[in-house]
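Have a look at the structure below, then the notes.
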C-alpha cells in the first residue's frame, strides 16, 4: 500500500502513538509508516509541539496564583461546611451506580438468588399436632366455664410445664363449708354456681 | 519519599486535617490548571478547584481506595466545571453540545507548521508565550468532554486506562476524543501561525 493511502488508516493512531499508548504491534507498523511518510512525520511533530504548549500555558497561569492563600481557603472551607444528609446519599448512590456496577450486579444477583430460594429455605418441617410432635409448648390454659376446677401452671426446671387442676369446689368447701351462698368467683365477686356432677377439667 | 495518597486519605478520614492539607498542596496546581483549561476564567477556576477539594473532603468516607485518589479528585473537578459550563450556556440561551459523536472538523491546515516553528521543545521558542495563550483560547472551541480528556492527559499525564476510569468511558472513546480534540486545537494554531507569517511576511520567527 502506498504511504499516502496509509495516512488515512494511521491518522487517528498518531495521537495514541505520541502518547505511547499503542500496543507493540501497532506501534511498529506506525513507525514503519512514519519512516516513509513525511506528512505523517510532520503531524507527529505538530502533536508533540502542541502537547507541550498546553501544559506550559496553563502552568504559566498557575504561577500567578498565591497557593498558600489557596490552601488556607480550602482548609477554612472544610472546617465550616457540614455535609447535608441528602447530598451525602446522592453522591454515594451516584458513585455506586457509576463506578461500582460490578459490585452492584453481584449484590443484585445474590438478592435474586435468595428471593428465588426463599420458599425452599423457609419451608420448615412442621410436626403433627398430635402425640408424635417432638416438642410442645403450653400457649394457654383454660377451663370450661362450668368445670369446677382452677388451673395452676408452674414452669419446671427442664422447661416442661406442670399443670395442676385444683377442684374449685374442694377449695371453696375448705374455705367456706357452710354452703352454696358463700361460693364466690375470685375477682368478679359474682356467686359461683357449682354443679356437683361436673368433674372434668378444661383444655389446653 | 512523599507519603502515599491512600495513607494520607486514611489519616484525613481519621480526622487528621494536616494529612488532607498535604493532599491539597500536592494537587492544587494541577486541579486549578484543569479547571482553568475547562473554564478559562481565573476566578471561576479558583472557585472550582477549592470546591473540588472541599467536596472530596466531605465525601472522604465514600472513597473506598479501589481507584487512585487523584482520578477521583479530577472526576469531581471535571463534573463541577461541566456544571458551570452548562449553567453558563443556559444563561446565554446557548445549547452546549455534549454529544460525543459530534462531527469535529479535523481537516488539517498547514501540516508541520507547529513542529517546524516550535521544534520538539517549545520552551526554547520565542513564540511560546503567544501560542500558549492562543492554545487556551483554541481549547474553548473543543466540546467539553473532549476538552476534559485533553487537559487530563496533558496536565496530569494520565494513562488512557486512568482517563477511561476517571471519565467512565471506554478506552477506545478516550483515543478517539483525544485525536479529535488535538486535531481541532492544531487546526486553530496552524491557522493562527499562517496568519502570523502572512502579517510579518516572514517564514520564521
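Chains as they are written, first to last, in the working numbering: chain A, 21 to 224; chain B, 26 to 230.
The beta carbon of each residue, even a glycine, is placed where N, CA and C say it ideally should be.
A:70 is the residue among A:45, A:58 and A:70 whose C-alpha sits nearest the C-alpha of residue 207 of chain B. Contacts with chain A at 8 Å (Cβ-Cβ) do not include residue 34 of chain B.
At a cut-off of 8 Å between C-beta atoms, residue 174 of chain A does not count as an interface residue with respect to chain B.
The continuous beta strand (DSSP E) containing residue 185 of chain A extends over residues 181–187.
Not a single C-beta of chain B is nearer than 8 Å to the C-beta of residue 28 of chain A. Within chain A, the residues whose beta carbon sits less than 7 Å from that of residue 156 of chain B are 73, listed in sequence order. Contact of residue 127 of chain A with chain B is not assigned, every C-beta pair being separated by 8 Å or more.
For residue 131 of chain A, no Cβ of chain B is located within less than 8 Å of the residue's own Cβ. A direct Cα-Cα distance of roughly 12 Å separates residue 165 of chain B from residue 60 of chain B. A distance of 8 Å or more separates the beta carbons of residue 95 of chain B and residue 57 of chain B. Residue 202 of chain B counts as buried, since at least 16 other C-beta atoms from the protein chains shown sit within 10 angstroms of its C-beta. Within chain A, the residues placing a beta-carbon under 7 Å from that of residue 57 of chain B are 82 and 85, ordered along the chain. Looking at the backbone, the Cα of residue 82 of chain A and that of residue 92 of chain A are separated by about 17 Å. Annotation for residue 172 of chain A: the continuous beta strand (DSSP E) segment containing it runs 169–175.
Residue contact with chain B for residue 90 of chain A: present (Cβ-Cβ distance below 8 Å to some residue of chain B). The C-alpha of residue 124 of chain A is placed about 20 Å away from the C-alpha of residue 85 of chain B. With fewer than 16 other CB atoms across the displayed protein chains lying within 10 angstroms of its CB, residue 175 of chain A is exposed. Contact between residue 90 of chain A and residue 71 of chain B holds, with the beta-carbon distance rounding to 7 Å and staying under 8 Å. Put simply, the backbone Cα of residue 62 of chain A is about 37 Å away from that of residue 73 of chain B. Bounds of any alpha helix (DSSP H) do not take in residue 29 of chain B, whose DSSP letter is neither H nor E. In the structure shown, residue 160 of chain A adopts coil according to DSSP, grouped into three states.
Looking at B:37, B:174, B:114 and B:89, the one whose alpha-carbon comes closest to that of residue 100 of chain B is B:174.
In terms of Cα proximity to residue 32 of chain B, the closest of B:209, B:78 and B:88 is B:88. Take the alpha-carbon of residue 177 of chain B and the one of residue 183 of chain B: they are about 6 Å apart. Taking a C-beta cut-off of 7 Å against chain B, the contacting residues of the stretch 47–74 of chain A are 59, 62, 63, 65, 66, 67, 68, 69, 70, 71, 72, 73 and 74, listed in chain order.
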